[in-house]
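In the numbering used here, the protein residues as written are 46 to 545.
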């Protein structure tokens with residue numbers, strides 16, 4: 046720890062991008078990770094590894110995915126996802142509350158940041174398994190999301206840590222940051238607990254990147270509302286808001302949507318916390334079926350948009366239902382479209398050769414209500430419009446409430462399948478304010494000297510909903526910026542102390 050210029054709190058994607066950028070800029074870096082080594086990486090390690098990135102053509106993606114073969118390129122329609130569309134998605138899904146300066150940096154630097162990660166050793170691939178379907182012989186992607194890290198979130202974390210080892214960046218595991226050390230010129234280090242001892246590590250700059258408060262049941266109930274203390278935690282158990290608390294204690298500005306979060310349809314009988322070795326508990330193929338509550342009734346538009354624009358709100362909708370659970374219903378017509386997360390062993394699933402037989406097995410669901418819902422829904426489906434899972438096809442069920450806007454099919458082809466889901470929280474939207482350089486902003490509006498932040502503890506980008514893949518991308522973009530700027534400050538102070 047001696048001779049540390051920059052301390053990074055956290056060891057996931059945002060944190061390691063900050064550490065690597067600081068090291069590239071010439072700083073001596075120490076990383077504090079609350080988790081043991083085998084559970085390192087925060088929410089990044091629990092993610093699927095998707096990155097939302099702007100690109101105009103397939104040639105742009107080749108810079109990020111140079112291993113793509115000619116046959117892969119020929120069989121894939123990558124389309125385009127330009128800067129304007131990325132920015133518009135961030136604005137639209139936040140109901141135009143997203144910080145425009147942060148959003149612009151995220152969009153403009155997304156492509157170059159992935160190229161930088163590639164140079165560090167992170168390998169990227171197209172998301173064929175979770176984000177694409179074959180249409181007219183070619184793969185097409187949903188909602189502009191085309192790129193994932195090889196090996197998913199775990200592969201991403203391992204690649205970043207391998208790059209850190211090559212740069213001799215020190216990572217301390219089981220090191221729980223407690224508070225920030227103040228000096229005459231700003232933040233001067235971190236107090237932390239490790240091996241049963243309280244310790245202090247001096248540094249000229251600190252980057253907080255240890256996640257939001259999704260694993261803190263008390264804070265969830267306090268800020269998100271009633272019953273949020275009961276939900277499943279999809280990600281890391283170590284993201285309890287410690288970084289936010291430390292920054293607020295130093296006068297940082299509270300920023301963003303503190304009563305908002307990313308929450309998904311999650312295996313009803315999953316463990317209370319996410320298991321880094323058991324991913325796939327979320328259930329995101331809901332646009333191709335219907336979802337019913339304990340009364341057997343539908344309660345939201347499953348086909349409102351591509352799933353990576355709507356899935357982050359589905360958990361909240363499920364939590365608001367009687368008993369806080371739901372069942373996803375499919376038939377044989379769409380079973381082939383269900384992603385691999387529907388085929389793991391740890392799943393609550395029932396199947397039957399008749400709708401009546403399925404109704405008998407839906408635990409906690411009113412049978413008569415469910416059969417009425419199926420009958421009314423089937424009658425309302427527009428069977429004249431062609432079904433096309435690759436686009437928003439306009440095949441709707443409108444004469445029901447709520448409507449289903451796209452991908453509506455009659456549920457009448459056996460066998461019938463149902464999957465039990467509950468609310469699983471991924472991360473929280475509220476946190477602390479930063480400027481585009483990653484500097485933490487005080488309540489008065491000025492930056493706190495020596496304090497930087499990135500990742501899920503930063504507020505101001507997401508309100509109400511979230512475009513899938515933006516989280517890892519923003520963590521990388523602002524982690525890189527925060528680390529580089531923290532290094533510049535630390536090296537400048539070091540030279541000043543040396544009289545240079």
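Beta carbons are placed, not taken as given, at the ideal position from N, Cα and C, and that holds for glycine. Just so we're clear, the structure is a prediction, and the values are computed from it rather than from any experiment.
Residue 233 and residue 393 have their C-alpha atoms spaced approximately 50 Å apart. Contact annotation: residue 252 and residue 499 have beta-carbon atoms nearer than 9 Å. Per the C-alpha coordinates, the member of 194, 186, 190, 177 positioned closest to residue 166 is 194.
Of the candidates 189, 180, 322, 180 places its Cα closest to the Cα of residue 120. Put simply, the backbone Cα of residue 431 is about 14 Å away from that of residue 379. Contact annotation: the stretch 486 to 503 does not touch the stretch 124 to 136, with fewer than three C-beta pairs closer than 8 Å. Taking the Cα of residue 312 as reference, the smallest distance to any Cα among 275, 371, 332 is reached at 371.
Three or more Cβ pairs drawn from the stretch 175 to 190 and the stretch 332 to 352 lie within less than 8 Å of each other, which places the two stretches in contact.
Restricted to the stretch 93 to 142, the alpha helix (DSSP H) segments that are unbroken, complete and at least 4 residues in length are 103 to 109, 115 to 119, 128 to 138, listed in chain order. The three-state reading of DSSP puts residue 522 in helix, counting H, G and I together.
According to the DSSP assignment, residue 508 belongs to no beta strand (DSSP E), since it is labelled neither H nor E.
Approximately 14 Å separates the beta-carbon atoms of residue 366 and residue 331; this is outside 8 Å, ruling out the contact. An exposed status is given to residue 389, since fewer than 16 other beta-carbon atoms sit within 10 Å of its beta-carbon.
Nearest in C-alpha terms to residue 282, of all of 535, 321, 293, is 321. Here residue 437 is not near residue 335, since their CB atoms are 9 Å or more apart.
Distance from the CA atom of residue 224 to the CA atom of residue 406, rounded to whole angstroms, is 51 Å. A direct Cα-Cα distance of roughly 49 Å separates residue 270 from residue 114. Counting only residues of its own chain and dropping the five nearest sequence neighbours on each side, residue 144 has a CB closer than 6 Å to the CB of 505. As summarised for the stretch 266 to 317, the continuous beta strand (DSSP E) elements at least 3 residues long and confined to that stretch are 306 to 312, given in chain order. Spanning the alpha carbons of residue 445 and residue 427 requires a straight line of approximately 12 Å.
With a contact defined as Cβ atoms closer than 8 Å, residue 310 and residue 360 qualify at about 6 Å. Distances from the alpha-carbon of residue 173 to those of 408, 184, 98 put 184 closest.
Excluding residues up to 5 positions away in sequence, 198 lie with their Cβ nearer than 6 Å to the Cβ of residue 92 in the same chain. Annotation for residue 355: the continuous alpha helix (DSSP H) segment containing it runs 352 to 364. Taken atom to atom, the span from the alpha-carbon of residue 284 to that of residue 292 is near 15 Å.
Distance from residue 78 to residue 209 at the Cβ level is roughly 11 Å; contact not present, criterion being Cβ atoms closer than 8 Å.
A distance of 9 Å or more separates the beta carbons of residue 286 and residue 57. Following the DSSP letters along the chain, one finds residue 176 inside the alpha helix (DSSP H) bounded by residues 173 to 176.
Within the stretch 377 to 457, the runs of alpha helix (DSSP H) that reach at least 4 residues and sit entirely inside it are, in chain order, 400 to 404, 412 to 425. Between the C-alpha atoms of residue 511 and residue 142 there is a straight-line separation of about 12 Å.
Going by DSSP, residue 199 is part of the alpha helix (DSSP H) stretching over 197 to 211.
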